[in-house]
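In our numbering, the protein residues as written are 512 to 811.
Beta carbons are placed, not taken as given, at the ideal position from N, Cα and C, and that holds for glycine.
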């Protein structure tokens with residue numbers, strides 16, 4: 512009986528791995544040119560930034576591990592240099608899942624110190640009732656910072672800017688001041704409701720402050736790479752800010768009036784933002800996130 516159970520467990524694991532692999536079989540990595548040497552790659556997961564030049568490839572995020580070979584092939588079309596630096600905007604698997612593969616190739620992984628803490632330990636998500644095991648050590652950032660960090664590569668300055676308690680507790684903006692390009696990671700979901708990971712230190716108020724910080728950095732000509740969605744401009748960021756601040760105020764007002772979360776969900780608060788709920792987070796889930804965040808803050 513024991514041998515049978517072990518065999519069944521192995522079979523289930525193999526099936527799970529096969530399903531995970533097949534999920535990405537048809538994914539195509541699309542390359543979008545942002546400037547002469549900065550690109551955005553789309554595939555499955557968060558948008559990747561690639562900055563190429565004589566010093567090597569500077570990469571921002573790496574999506575899921577099964578996509579690494581496709582991503583490497585797309586980068587090889589842009590440069591014959593290796594990936595020298597890899598920055599994680601935060602720890603989630605759709606942005607840092609390929610760390611192990613790129614780390615084994617010799618990329619130096621850089622991130623906020625909280626990203627290393629989360630990648631190096633098991634992470635349990637109450638929202639999804641699942642545990643993400645710690646990544647192998649080769650996938651951990653080897654250079655970490657607490658606030659901000661500057662790099663000088665390929666003839667340009669690259670600024671890594673930590674934003675506090677926004678999407679998570681380890682978010683980083685990657686700002687190219689010489690090119691007027693900003694990668695915001697998941698602090699910006701273009702034209703859709705955001706996932707704010709409250710269990711990883713994120714907060715709605717922090718997410719709003721992050722957008723305010725981005726708006727101070729940018730101007731009408733800035734090209735913005737969102738964590739999810741197509742290339743964006745400052746006007747798109749302003750629309751996103753207005754949506755999130757409006758939804759926050761609406762939910763808070765209903766909570767102050769004594770409404771339950773179910774009553775708030777049926778109050779039509781998202782009617783004028785219905786098109787924003789077509790992504791990962793629908794209309795009910797954005798209310799859940801805001802309600803949970805406000806409720807947890809009020810109970811402290």
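Hey, residue 791 and residue 706: beta-carbon distance below 7 Å or not?
Yes, Cβ-Cβ distance for residue 791 and residue 706 is below 7 Å.
Just the C-alpha distance for residue 755 and residue 604, rounded to the nearest angstrom, thanks.
Annotation: residue 755 to residue 604 spans about 24 Å, alpha carbon to alpha carbon.
Taking all protein chains shown into account, do 16 or more other C-beta atoms lie within 10 angstroms of the C-beta of residue 534, making it buried, or fewer, making it exposed?
Exposed, by the Cβ-count rule.
Residue range of the alpha helix (DSSP H) that residue 603 falls in?
Note, residue 603: premise wrong, no alpha helix (DSSP H); not H, not E.
Going by DSSP, name the residue or residues bridged to residue 686.
According to DSSP, residue pairing for residue 686 in a beta bridge involves 670 and 693.
Report all residues from its chain with a CB closer than 7 Å to the CB of residue 688; omit the five preceding and five following residues, and keep chain order.
Non-local C-beta neighbours of residue 688 in its own chain, meaning closer than 7 Å and more than five positions away in sequence, comprise 668 and 670, ordered along the chain.
Environment of residue 622 [buried if 16+ CB atoms lie within 10 Å]:
Sixteen is the threshold: when 16 or more other Cβ atoms of the shown chains lie within 10 Å of the Cβ of residue 622, as they do, the residue is buried.
Kindly identify the DSSP beta-bridge partner or partners of residue 597.
Residue 597 is bridged by DSSP to 570 and 620.
Simplified DSSP state of residue 628, which is helix, strand or coil:
In this structure, residue 628 counts as helix in the three-state DSSP scheme.
Pull the bridge partners of residue 543 from the DSSP assignment, please.
Note: residue 543 sits in a beta bridge opposite 551.
I'd like to know whether the C-beta atoms of residue 672 and residue 560 end up nearer to each other than 7 Å.
Going by C-beta atoms, residue 672 is not nearer than 7 Å to residue 560.
Whole beta strand (DSSP E) elements within the region 716-752, 3-residue minimum:
Counting only runs of 3 or more, we get 734-736.
What would DSSP say about residue 612, mapped onto helix, strand or coil?
Of the three classes helix, strand and coil, the one that applies to residue 612 here is helix, per DSSP.
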